[in-house]
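What follows is a set of notes on a single structure, which appears directly below.
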Amino acid sequence: MVDIKNVFKSFNQKKVIEDVSLTIEKGKITSFIGPNGAGKSTLISMVSRLIAKDNGDISIDGKDIMQTKSNELAKKISILKQSNSINLKLTVRELVSFGRFPYSQGKLNDYDWEKVDEAIDYMELRDMQDKFLDQLSGGQRQRAHIAMVIAQDTEYILLDEPLNNLDMRHSVQIMKTLRNLVDELGKTVLIVIHDINFASCYSDNIVALKDGKVVKQGRACDVIDKCVLKDIYDMDIDIKDIDNKRICVYF
Amino acid sequence: MKIRYLTIILIILSFASIFVGVSNVSPLDIFQLTEEQAKVLMVSRVPRLLSILIAGMSMSICGLIMQQLSRNKFVSPTTAGTLDSARLGILVSMVLFTSANPFEKMLVSFAFALLGTFAFMKILEKVKFKDAIFIPLIGLMFGNIVSSMSTFIAYRYDLIQNISSWMQGDFSMIMTGNYELMFVSIPILIIAFFYANKFTIAGMGEDFSKNLGLNYRQVVNLGLIIVALVTASVVLAVGMIPFLGLIIPNIVTIYQGDHLKKSLLHTALLGAIFVLICDIIGRIIIYPYEIPISLTVGVIGSGLFIYLLFRRKKYGI
Ligand SMILES: Nc1ncnc2c1ncn2[C@@H]1O[C@H](COP(=O)(O)OP(=O)(O)OP(=O)(O)O)[C@@H](O)[C@H]1O
Ligand SMILES: [Mg+2]
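Chains as they are written, first to last, in full-length UniProt numbering: chain Y, 1 to 251; chain A, 1 to 317.
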């Protein structure tokens, strides 16, 4: 469980996160939605200690993240940022193997390599595992990064717009993978996502942010609602029930 | 397998280096050296070879570490003011403590090199316009400012002759008794090997490091300390060898990639080979006289550097 209490954050006097309090259920997929600049990335960066909060408390399983050793946290929570501008010439396999760093400090044992192989297969990267990252397409690179996070094998997985650059098939595949991680391995996944239909179909809970505040949080079916969406995005969105799933039509 | 070839080449060149020079020592004499020849070998040739190997390896590795930590392929001891700062340090130690022994000089020089490199890294953080070429230009300017301070102090204290001797790296003065300080580099480079993984992760940025639980600041600081210490010891014993830390790591990463675990050993070997070749050329080209190493490295190195620049344009590395 991630507990966020009265968290504030400003950049250069500008308030970006204002008094956000949330509880994120363990063993569920929670999606963060909201317009550009709502503060989604800022919020999950604070949860993963990448940026410091100004005020408030964030704890994971009852332990304050600021009181926990960074190396311990790295085995508990992993994050993939929205943009990954790694300009190093590394192969896919090397990148994925860095996911094992918190456990191995660089000296990978058989178990670590097993996890690396697993992650590579999960993301269907086997036939390009020895290619350098700069020889891949944007989507392939994104999958390599996700594979690294999977290899890190943490209880909590935070992904900031993981579907960036991915085609439909791979988008669906990644959402299904996340679903598996949650349903089969009991992981907790937090994602920031813009495609509300993906959020609607694959997540258990949704948190809607706007202007640094939580507009609505709850079960996916409660948040995917005409009035709520109107509130968040200032546009009329039709919602249709197709095969027991709520699909938003906003074109 | 590539490592094997590099090692073989290095061994052959090392032998060649021992037997090239004004006093005649041929490989055939090795088992029946005259006293004179043995002395030449032990006092001059072997120390020279060792100092070449250490300087070549350590300056190249310094460059590699700096490029990784600054995330810029054109940052190196030459293009970040490290060399110039180290030299300023030596000069200051000579002025302030006239009777400084080499070890004390090295410490002062180390402190200056560290400070200078640190200052450059701070400037890097502030610079908004992070063009790959722009940053080393800033570094060169910064180095020139530091260097002009050296010149100024040297004029005031009549040490111009001294400083120009470090301006030019030169192995011809290396003899038993005046280069042993360079051995400081060896344990430090071994530490660098142990940190290869951490340097690589640090090269992917602060957030990336944090996510993996790596103490980014600590690793970067350790890297800069290694660079400053090694540079100080090399500048003190041999003088400035420009470009080495720039071209060797760049060539290696073209074929080995940026994983330090894979590229460190290659960089060390290739660096040593490169300096050995330059040294041998310098020794035979106007035989029986010698061209200082900084000149040969400078000429060949700047040529290669230009090639790398054009290659970068073509491939966008
Ligand atoms: N490092 C920073 N310095 C200054 N302002 C920042 C910084 N990071 C974010 N902001 C500001 O904070 C606000 C929220 O940014 P954030 O990246 O959290 O938005 P987001 O919800 O992730 O948006 P998007 O959907 O576009 O990714 C924006 O107005 C942005 O300008
Ligand atoms: Mg964002």
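The beta-carbon is built from N, C-alpha and C at its ideal position, and this holds for glycine as well.
Self-check item: CA-to-CA distance, lysine 245 (chain Y) to tyrosine 307 (chain A), given in whole angstroms
Solution: 59 Å
Quiz item: Taking the alpha carbon of lysine 105 (chain A) as the point to measure from, which residue in A:Leu115, A:Ala111, A:Ala113, A:Ser93 has its own alpha carbon closest?
Solution: A:Ser93
Practice problem: Look at the Cβ atom of glycine 89 (chain A), then the Cβ atom of alanine 119 (chain A), and state whether they are nearer than 9 Å. | Solution: no
Quiz item: Going straight from the alpha carbon of methionine 182 (chain A) to that of alanine 55 (chain A), what length do you get?
Solution: 8 Å
Practice problem: Count the other CB atoms, across all protein chains shown, that sit within 10 Å of the CB of alanine 268 (chain A); report buried if there are 16 or more and exposed otherwise. | Solution: buried
Self-check item: Under 8 Å from the C-beta of proline 102 (chain Y): neighbouring residues of chain A
Solution: Leu212, Gly213
Quiz item: When the Cβ atoms of the region 219-238 of chain A are set against those of the region 224-234 of chain Y, are three or more pairs found closer than 8 Å?
Solution: no
Practice problem: Any chance you could list the residues with Cβ under 5 Å from a heavy atom of ligand 1, keeping chain order? | Solution: Y:Phe11, Y:Val16, Y:Asn36, Y:Gly37, Y:Ala38, Y:Gly39, Y:Lys40, Y:Ser41, Y:Thr42
Quiz item: What residue range is occupied by the uninterrupted beta strand (DSSP E) comprising leucine 80 (chain Y)?
Solution: 77-80
Quiz item: Between which two residues does the beta strand (DSSP E) containing serine 172 (chain A) stretch?
Solution: From DSSP, serine 172 (chain A) is part of no beta strand (DSSP E); its letter is neither H nor E.
Exercise. Tell me, please, whether the CB atom of lysine 40 (chain Y) is closer than 9 Å to any CB atom in chain B?
Key: No chain B appears in the structure shown, which is made up of the protein chains Y and A.
Practice problem: Indicate whether at least one CB of chain Y lies closer than 9 Å to the CB of alanine 196 (chain A). | Solution: yes
Quiz item: What's the gap between the Cα of phenylalanine 74 (chain A) and the Cα of leucine 124 (chain A)?
Solution: 13 Å
Self-check item: Alpha-carbon to alpha-carbon, phenylalanine 274 (chain A) and leucine 244 (chain A)
Solution: 9 Å
Self-check item: aspartate 207 (chain A): contacting residues in chain Y (beta-carbon distance under 7 Å)
Solution: Leu50, Lys81
Practice problem: Please name the residue or residues paired with serine 10 (chain Y) in a DSSP beta bridge. | Solution: Y:Lys15
Quiz item: Hey, would you say the C-beta of aspartate 211 (chain Y) is under 8 Å away from at least one heavy atom of ligand 2?
Solution: no
Quiz item: DSSP state of isoleucine 317 (chain A), grouped into three classes?
Solution: With a pLDDT of 49 at isoleucine 317 (chain A), under the threshold of 50, the predicted position of this residue should be treated as unreliable, though the coordinate-derived value follows. Residue state, collapsed to three classes: coil.
Quiz item: Can you list the residues of chain Y that glycine 203 (chain A) reaches, using a CB-CB cut of under 8 Å?
Solution: Leu88
Quiz item: Does the Cβ-Cβ distance between leucine 50 (chain Y) and isoleucine 17 (chain Y) come in under 9 Å?
Solution: no
Quiz item: What's the C-alpha gap between isoleucine 277 (chain A) and serine 294 (chain A)?
Solution: 13 Å
Quiz item: At least one CB of chain Y closer than 9 Å to the CB of threonine 98 (chain A): is that the case?
Solution: no
Quiz item: Looking at the unbroken beta strand (DSSP E) that takes in alanine 80 (chain A), where does it start and where does it end?
Solution: Alanine 80 (chain A) -> no beta strand (DSSP E), and no H or E assigned at all.
Exercise. Using three-state DSSP, classify asparagine 221 (chain A) as helix, strand or coil.
Key: helix
Practice problem: Check each residue of the region 215-241 of chain A: if its Cβ is closer than 8 Å to any Cβ of chain Y, include it; give the result in chain order. | Solution: Asn215
Quiz item: Can valine 214 (chain Y) be considered in contact with ligand 2, in the sense that its beta carbon sits closer than 8 Å to one or more heavy atoms?
Solution: no
Quiz item: isoleucine 191 (chain Y) bridges to which residues according to DSSP?
Solution: Y:Ser31, Y:Leu159
Self-check item: Distance CB(glycine 213 (chain A))-CB(asparagine 71 (chain Y)) smaller than 9 Å
Solution: yes
Quiz item: For glycine 213 (chain A), which of helix, strand or coil comes out of DSSP?
Solution: coil
Quiz item: When the Cβ atoms of the region 96-113 of chain Y are set against those of the region 190-203 of chain Y, are three or more pairs found closer than 8 Å?
Solution: no
Quiz prompt | Selection of the region 257-284 of chain A by Cβ proximity to chain Y, strictly under 9 Å | solution = Gly257, Asp258, His259, Lys261, Lys262
Exercise. Give the interface partners of arginine 71 (chain A) over in chain Y, defined as CB-CB distance under 7 Å, in chain order.
Key: Asn87
Quiz item: What residue from A:Leu13, A:Asp207, A:Ala154 has the CA that sits closest to leucine 96 (chain A)'s CA?
Solution: A:Ala154
Quiz item: So, does the CB of threonine 200 (chain A) fall closer than 9 Å to a CB anywhere in chain Y?
Solution: yes
Practice problem: Rank Y:Lys28, Y:Cys221, Y:Val214 by C-alpha distance to the C-alpha of glycine 186 (chain Y) and give the top, closest one. | Solution: Y:Lys28
Self-check item: Whole-angstrom distance between tyrosine 216 (chain A) and residue 348 (chain A), CA atom to CA atom
Solution: The displayed coordinates of chain A run from 1 to 317. Any statement about residue 348 (chain A) would go beyond what the structure contains.
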